[in-house]
Amino acid sequence: MFQTSVSQSHLTSLDEVVTRLAQHREVESIVILGSGARGVLNPASDYDVLVVLSEMPVPVSLVLTTIERRLAEVVFFAADTIEEWLAMETFAAGSYAASMLRRLQKARVAFDRTGRITRLYEKALSSSWQEEHDQQ
Numbered sequence: 005m006f007q008t009s010v011s012q013s014h015l016t017s018l019d020e021v022v023t024r025l026a027q028h029r030e031v032e033s034i035v036i037l038g039s040g041a042r043g044v045l046n047p048a049s050d051y052d053v054l055v056v057l058s059e060m061p062v063p064v065s066l067v068l069t070t071i072e073r074r075l076a077e078v079v080f081f082a083a084d085t086i087e088e089w090l091a092m093e094t095f096a097a098g099s100y101a102a103s104m105l106r107r108l109q110k111a112r113v114a115f116d117r118t119g120r121i122t123r124l125y126e127k128a129l130s131s132s133w134q135e136e137h138d139q140q
């Protein structure tokens with residue numbers, strides 16, 4: 005049988021989770037995606053959180069937890085990945101990068117130590133990038 009435990013963030017507010025994460029020097033940015041960014045939560049809503057780390061200490065990309073008794077998907081990116089996306093002008097249609105830029109268009113930057121994620125957010129909102137579709 006698997007042993008489970010309740011997340012320490014189970015009863016913690018989203019704002020408190022952001023505050024706690026922001027205290028770690030490795031955390032560069034925190035972005036709230038989806039309905040949590042818009043503050044339009046229904047009983048079935050979850051939280052989608054993007055965390056940018058200056059360095060990835062372990063190869064982790066997704067953690068499932070709970071925040072405010074809601075399921076929370078926390079996605080991790082290395083700062084290098086954000087830099088790569090900032091340098092790109094075109095993104096392959098259907099690529100993960102293009103998908104993230106579309107999601108950033110409706111996001112809320114909750115914390116940004118370096119300004120890097122704010123620049124990517126602004127890029128997502130602008131017309132300075134394109135999705136490249138195959139011409140067949």
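Numbering (the working numbering), first residue to last: 5 to 140. In this text, a Cβ means the ideal position worked out from N, Cα and C, and glycines have one as well.
Item: Backbone secondary structure at L15 - three-state DSSP; Value: coil
Item: Reduced DSSP secondary structure (H/G/I, E/B, other) of T118; Value: coil
Item: Local conformation of A97 per DSSP, three classes; Value: coil
Item: Contact check, V35 vs L18, beta carbons under 8 Å; Value: no
Item: Buried or exposed (CB count within 10 angstroms, at least 16 for buried), A102; Value: buried
Item: Residues that DSSP places opposite Y51 in a beta bridge; Value: A76
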